[in-house]
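Asks: Just passing along the structure, written as structure tokens.
If you want it as structure tokens, here you go:
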């Protein structure tokens, strides 16, 4: 129903209210003049309650609620800075529903990818030590073949490790962030 037509109906409602009709009688009169199913009885009842309370304004009240529009640049910047945020966390920050965030991310072309898992985050010293040890063992193997003397069996060591990877929304073609394995801790 167009705004102009709504406004005419509201004038008719106010007129009928001031004549002393109730909402049901007004509904019958409006249906007789404008045709059936233009206005519901419940709508008329709400307007008549409003008129009885002394409010004779015919304009719609401003509505409160969540924002209907979302700036895609703000969303893109937020996801770019913190890709590990969930859609619910982003929705809370931007005061919109997580479904709205999900729809906008899909519209922008973001895809879900798993974070890359790396065994440990190594410092420069750790990397240098590993290279030094590996090269010294290779040199030692050339002079004294010690690897041939190693005996292995059917032993299996199982270390308790519960790796939790996260999915992140990123643009296609961009590699996902890395998550380093936590320090080795034995289960107690």
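In our numbering, the protein residues as written are 202 to 389.
Where a beta carbon is used, it is the ideal one built from N, C-alpha and C, also for glycine.
1) Using the Cα positions of residue 225 and residue 250, report the straight-line distance between them to the nearest angstrom.
2) Could you tell me if residue 233 is buried or exposed, where buried requires 16 or more neighbouring beta carbons within 10 angstroms of its beta carbon?
3) Rounding to the nearest angstrom, what Cα-Cα distance links residue 309 and residue 254 in this structure?
4) Note down the Cα distance separating residue 143 from residue 348, rounded to an integer number of angstroms.
5) At the level of alpha carbons, what is the spacing between residue 331 and residue 324?
6) Is it right to say residue 214 is buried, meaning 16 or more other beta carbons lie within 10 angstroms of its own, or is it exposed?
7) Less than 7 Å between the beta carbons of residue 242 and residue 231, yes or no?
8) Closest Cβ-Cβ distance between residue 243 and chain B: below 7 Å?
9) So for residue 313, helix, strand or coil by DSSP?
10) Using 8 Å as the cut-off, can you tell me whether the stretch 325–344 makes contact with the stretch 269–288, which would need three or more C-beta pairs spanning the two stretches below that distance?
11) With distances taken Cα to Cα, identify the nearest neighbour of residue 245 among 319, 211, 306 and 220.
12) Measure the CB-CB distance between residue 378 and residue 284 and report whether it falls below 7 Å.
13) Would you report the Cα separation of residue 256 and residue 247, rounded to the nearest angstrom?
14) Compare the Cα-Cα distances from residue 270 to each of 281, 301, 207 and 342 and report the closest residue.
15) Where residue 279 and residue 327 are concerned, what is the direct C-alpha to C-alpha distance, given to the nearest angstrom?
16) Give me, in chain order, the residues of the same chain whose beta-carbon lies closer than 6 Å to that of residue 259; leave out the 5 immediate sequence neighbours on both sides.
17) Please classify residue 217 as buried or exposed, where buried requires at least 16 other C-beta atoms within 10 Å of its C-beta.
18) Does the distance from the CB of residue 294 to the CB of residue 371 come in under 7 Å?
Replies: Looking at the atomic coordinates:
1) 13 Å
2) Looking at its Cβ environment, which holds fewer than 16 other Cβ atoms inside 10 Å, residue 233 is exposed.
3) Approximately 48 Å between the Cα atoms of the pair.
4) Residue 143 lies beyond the range of the chain shown here (202 to 389); nothing can be said about it.
5) 11 Å
6) With 16 or more other Cβ atoms within 10 Å, it is buried.
7) no
8) No chain B is present in this structure, which holds just one protein chain.
9) strand
10) no
11) 211
12) yes
13) 12 Å
14) 301
15) Linking residue 279 to residue 327 through their CA atoms gives a straight-line distance of about 34 Å.
16) 211
17) buried
18) no
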